[in-house]
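Using UniProt numbering, read the sequence shown as starting at 1 and increasing by one per residue. Each residue gets a CB set at the ideal place from its N, CA and C atoms; glycine is no exception. The model shown is predicted, which means the values in this text are computed figures rather than measured ones.
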Amino acid sequence: MPQSCWQPTTALTFDTAAAMREDARRVLTDGALRIDLSGVPEADSAALALLLDVCREAAVRHQAIDIVSMPAGLRSLADLYGVTELLPTGDSTAA
Numbered sequence: 001m002p003q004s005c006w007q008p009t010t011a012l013t014f015d016t017a018a019a020m021r022e023d024a025r026r027v028l029t030d031g032a033l034r035i036d037l038s039g040v041p042e043a044d045s046a047a048l049a050l051l052l053d054v055c056r057e058a059a060v061r062h063q064a065i066d067i068v069s070m071p072a073g074l075r076s077l078a079d080l081y082g083v084t085e086l087l088p089t090g091d092s093t094a095a
């Protein structure tokens, strides 16, 4: 199964989340999706909402998804909000 990759390189914040949502949804195809967050310089709770939205849409499409290089601050927010298990992270280390 082919794999597409979404690798944002800008901040994922309240200011950018709406535009980034459209960008992320464009790469949702029939194959697996890898989300690489290694290039994200800043992320807040809007980034978490964005990732959950993309994961939900991928589930509706029965599409495999893998999130890698999640920033430590974003991982901490996911832990705080109790949604870590909803985010399929393929790595155990934070960026």
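Under the three-state DSSP convention, the category residue i falls into
i	result
leucine 37	coil
alanine 11	coil
threonine 84	helix
residue 99	Nothing can be reported for residue 99: it is not among the residues displayed for the chain, which extend from 1 to 95.
Residue burial classification, residue i (beta-carbon count within 10 angstroms, cutoff 16)
i	result
leucine 80	exposed
threonine 9	exposed
arginine 26	exposed
Within 8 Å, strictly: CB atoms of residue i and residue j
i	j	result
arginine 21	aspartate 53	yes
leucine 28	glutamine 3	no
alanine 43	aspartate 66	no
residue 97	valine 60	The chain is shown from 1 up to 95; residue 97 falls before or after that span and cannot be answered.
aspartate 36	glutamine 7	yes
Extent of the continuous beta strand (DSSP E) run through residue i
i	result
aspartate 44	Here aspartate 44 belongs to no beta strand (DSSP E), and DSSP marks it neither H nor E.
glutamine 3	3 to 6
C-alpha distance - residue i paired with residue j, whole-angstrom precision
i	j	result
alanine 78	leucine 50	12 Å
glutamate 57	threonine 84	17 Å
threonine 89	alanine 46	18 Å
glycine 39	aspartate 23	15 Å
threonine 13	proline 41	10 Å
leucine 86	cysteine 55	8 Å
methionine 70	alanine 18	19 Å
Residue i, enclosing alpha helix (DSSP H) - first and last residue
i	result
aspartate 30	Neither: aspartate 30 is in no alpha helix (DSSP H) and is coded neither H nor E.
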